[in-house]
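Trainee: The structure that follows is given in the form of structure tokens.
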Amino acid sequence: MAVASLYREPEAADTREPPALELLDVFRIYSSGSIETVALRGLSLRVQAGELVAVMGPSGSGKSTFLSLAAGLDTPSAGEVRVHGRPLSRMNEDQLAEYRARHVALVFQSGNLWPALSAQENVEMSLRLARGDDVPGRAATALATFGLAARRRHRAAALSGGEQQRVAIAAAAARRAPLVLADEPTGELDAANERNVVDALRRLREEHHATVVIVTHSARLAHTADRVIELRDGRVA
Ligand code: ADP
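Each number in our numbering comes from the position in the sequence shown (counting from 1) with 1378 added on.
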């Protein structure tokens, strides 16, 4: 089947864009020996293109599992994950690799940077992995956009937590990743740094038209989101 045709649902008689991210009755059951843990039990949700959504919920409610599935790093035990209407389960290995490398950008609590590389080199590395062009120029521009021009040559390990998060966000911007998935991006930051990171995530949405999904415990961060999705026991509360 042609790749393009997978982007449309068969029943797409209406002309609305399909959601940027959609989970349909998703289950994820972890098995180890005879013990089964149901991390997601019938999770259904939609995130529209260009939305900035906060996902909240108690520890163990399935937030990290949801992010892994959305990132294409894990597959559901049942149900379906769709991106712009296209089921990830129908992508072959190459398409899935492309999805992970070019469509999705991940921002983690600990800052998913190479500690020994400079801020500039980190963004360049991220761009090369996504096979971007004009790598040094785009990396420098993105770092400047997020207020990191003066920190460009510093090794990631020498940057503050908030600066590391902004480098990861700059990498997402440089790659023009349409879907940004963040896991507790402000978890270890003080209020001022949290504000900077939240502003940076909002800019990704506003200036780069990214869809942004943020798992967070921060009421302050959730307050700035377009919408909060509350998980409880592996489904929407
Ligand atoms: P949250 O991110 O909301 O804390 P998780 O998605 O990490 O929730 O976990 C949901 C449930 O699945 C928890 O009960 C957790 O212990 C379990 N779980 C998560 N990952 C694994 C795994 N790799 N193996 C077994 N159980 C897991």
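Yeah, the Cβ is synthetic: ideal placement off N, Cα and C, and Gly gets one too. Remember, it's a predicted structure, so these values are computed and weren't measured experimentally.
1) In whole angstroms, what is the alpha-carbon distance linking Glu-1584 and Ala-1494?
2) Taking all protein chains shown into account, do 16 or more other C-beta atoms lie within 10 angstroms of the C-beta of Asn-1354, making it buried, or fewer, making it exposed?
3) Start and end of the alpha helix (DSSP H) containing Phe-1444?
4) Helix, strand or coil, according to DSSP, for Tyr-1385 in the structure here?
5) So, is the C-beta of Leu-1402 closer than 8 Å to a C-beta in chain C?
6) When the distance is taken between beta carbons, is Val-1545 closer than 8 Å to Ala-1534?
7) Is Tyr-1477 near the ligand ADP - that is, is its Cβ less than 7 Å away from at least one heavy atom of it?
8) What do you get for Ile-1413, buried or exposed, if any count of 16 or more other CB atoms within 10 angstroms of its CB means buried?
9) Look at Gln-1487 and Pro-1563 and say whether their C-beta atoms are less than 8 Å apart.
10) Helix, strand or coil, according to DSSP, for Glu-1414 in the structure here?
11) Please confirm whether any heavy atom of the ligand ADP lies closer than 7 Å to the CB of Thr-1602.
12) Determine, using beta carbons only, whether Gly-1463 and Arg-1613 come nearer to each other than 8 Å.
13) Assuming Val-1425 and Val-1593 form a contact by the criterion Cβ under 8 Å, report the distance between their Cβ atoms to the nearest whole angstrom.
14) Does at least one heavy atom of the ligand ADP sit under 7 Å from the Cβ of Ser-1437?
15) According to DSSP, is Asp-1604 part of a helix, a strand, or is it coil?
16) Thr-1415: beta carbon under 7 Å from a heavy atom of the ligand FMN?
17) Return the Cβ separation of Ala-1603 and Val-1485 in integer angstroms, given the expectation that the two are a contact with Cβ distance under 8 Å.
18) Beta carbon of Thr-1443: closer than 7 Å to some heavy atom of the ligand ADP?
19) Taking the alpha helix (DSSP H) that Arg-1516 falls in, what are its first and last residues?
20) Considering only residues of the same chain and omitting the five flanking positions on each side of Arg-1460, which have a CB-CB separation below 6 Å?
21) Taking 8 Å as the threshold (C-beta atoms), are Val-1482 and Ala-1520 in contact?
22) Straight-line CA distance for Val-1416 to Gly-1515?
23) Give every residue of the same chain whose Cβ lies closer than 7 Å to the Cβ of His-1532, excluding the five residues on either side of it in the sequence, and list them in chain order.
24) Which class does Glu-1395 belong to by DSSP, given the choice of helix, strand or coil?
25) On the three-state DSSP scale, how would you describe Ala-1432?
Mentor: The short version:
1) Taking the straight line joining both Cα atoms gives about 31 Å.
2) Since the first and last residues shown for the chain are 1379 and 1615, residue 1354 lies out of range.
3) DSSP places Phe-1444 in the uninterrupted alpha helix (DSSP H) bounded by 1441 to 1448.
4) Annotation note: pLDDT 42 at Tyr-1385 (below 50); position unreliable, coordinate value reported separately. Here Tyr-1385 carries a helix assignment [DSSP, helix/strand/coil].
5) Of the chains in the structure shown, none is chain C; there is only one protein chain.
6) Yes, the pair counts as a contact, with Cβ atoms nearer than the cut-off.
7) Incorrect: Tyr-1477 has no Cβ contact closer than 7 Å to the ligand ADP.
8) Taking all protein chains shown into account, Ile-1413 has fewer than 16 neighbouring C-beta atoms within 10 Å of its C-beta and is therefore exposed.
9) Closer than 8 Å, so yes.
10) Glu-1414 carries a strand assignment under DSSP once its states are collapsed to helix, strand and coil.
11) Flag unset: Cβ of Thr-1602 not near the ligand ADP.
12) No, the pair does not count as a contact, with Cβ atoms beyond the cut-off.
13) With a Cβ gap of about 13 Å, Val-1425 and Val-1593 do not count as contacting.
14) Under cutoff, so the answer is yes.
15) Three-state DSSP puts Asp-1604 in coil, outside helix and strand.
16) The ligand FMN is not part of the structure shown, which contains the ligand ADP as its ligands.
17) Not really, about 15 Å apart at Cβ, beyond 8 Å.
18) Correct: Thr-1443 has its Cβ closer than 7 Å to the ligand ADP.
19) Taken as a continuous stretch (DSSP letters only), the alpha helix (DSSP H) holding Arg-1516 covers 1513 to 1523.
20) Taken in chain order, the residues that qualify are Glu-1400.
21) No, Cβ-Cβ distance for Ala-1520 and Val-1482 is not below 8 Å.
22) Between the alpha carbons of Val-1416 and Gly-1515 lies a distance of about 46 Å.
23) Close CB contacts of His-1532 within its chain, under the 7 Å cut and outside five residues either way in sequence, are with Ser-1496 and Ala-1497 (chain order).
24) Coil.
25) In the three-state DSSP reduction, Ala-1432 falls in the strand class (E or B).
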